[in-house]
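Enquirer: Under numbering that gives the first Met the number 0, the residue at position 58 of the sequence shown is numbered 57, and the numbers go up by one with no gaps. Below is the structure I would like to discuss, written out as structure tokens.
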Amino acid sequence: MVMDSTVEIDVAHIHGIQVAAKELGDQITDGASAVSDDSGDLISSGTNEIKSIVGNVATVVSKLNNYLDHVATSFYKADISIASSISKGGVVESYGKPKNNTTDTSPTDGEKAAADGLP
Numbered sequence: 000m001v002m003d004s005t006v007e008i009d010v011a012h013i014h015g016i017q018v019a020a021k022e023l024g025d026q027i028t029d030g031a032s033a034v035s036d037d038s039g040d041l042i043s044s045g046t047n048e049i050k051s052i053v054g055n056v057a058t059v060v061s062k063l064n065n066y067l068d069h070v071a072t073s074f075y076k077a078d079i080s081i082a083s084s085i086s087k088g089g090v091v092e093s094y095g096k097p098k099n100n101t102t103d104t105s106p107t108d109g110e111k112a113a114a115d116g117l118p
């Protein structure tokens, strides 16, 4: 099984959803004039609610896009930082053997056993 850590967000698709939601809201017309009784008020009220919901969907999609962009940027920065620390040898050297021992205590027997056989 090949594992790919790359996740691509299709910005054009997200934008398309926003545009489609707005266009849908613009195309919904109030059919209250088609009836001659009191139900026209209910039709108008329902139409207004539908337009409001469609507008909210467009807003949610926009905010989701911004959130995903922020998450992706944060992961990218964290990845760069971790890679930099590892390449400088400041975190670990060769699969977990500390290069820079900053503790005043010696490794325990369990730690020595866990590190035994590592390159």
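Even for Gly, the Cβ is constructed at its ideal location relative to N, Cα and C. Here the structure is a predicted model, which means the values were calculated and not measured.
When you compare only the Cα positions, how much space is there between Ala57 and Gly15?
Expert: 10 Å
Enquirer: Hey, how far is the Cα of Gly39 from the Cα of Asp29?
Expert: Cα-Cα distance, rounded: 9 Å.
Enquirer: Go to Gly116, then tell me how far its alpha helix (DSSP H) extends in each direction, as first and last residue.
Expert: No alpha helix (DSSP H) holds Gly116; DSSP gives it neither H nor E.
Enquirer: Are there 16 or more other CB atoms within 10 angstroms of the CB of Ala20, so buried, or fewer, so exposed?
Expert: buried
Enquirer: I need the straight-line Cα distance from Thr107 to Ser73, nearest angstrom please.
Expert: 36 Å
Enquirer: Could you say which of Lys111, His69, Ser61 lies nearest to Ala11 if we only look at CA atoms?
Expert: The shortest C-alpha separation from Ala11 is found at Ser61.
Enquirer: Have a look at Lys111 and Ile85 and give me their C-alpha separation to the nearest angstrom.
Expert: Approximately 21 Å between the Cα atoms of the pair.
Enquirer: Would DSSP call Gly15 helix, strand or coil?
Expert: helix
Enquirer: Classify Asp108 as helix, strand or coil using the three-state DSSP reduction.
Expert: Helix at Asp108.
Enquirer: Can you list, in chain order, the stretches of the beta strand (DSSP E) that have 3 or more residues and sit fully within the segment 43 to 79?
Expert: Taking 3 residues as the minimum length, the segment 43 to 79 contains no beta strand (DSSP E) run wholly inside it.
Enquirer: Output yes or no for whether 8 Å exceeds the beta carbon distance between Val34 and Ile42.
Expert: yes
Enquirer: Leaving aside the five residues before and after Leu67 along the sequence, list all residues of the same chain whose C-beta is less than 8 Å from its C-beta, in chain order.
Expert: Correct list, in chain order: Ile8.
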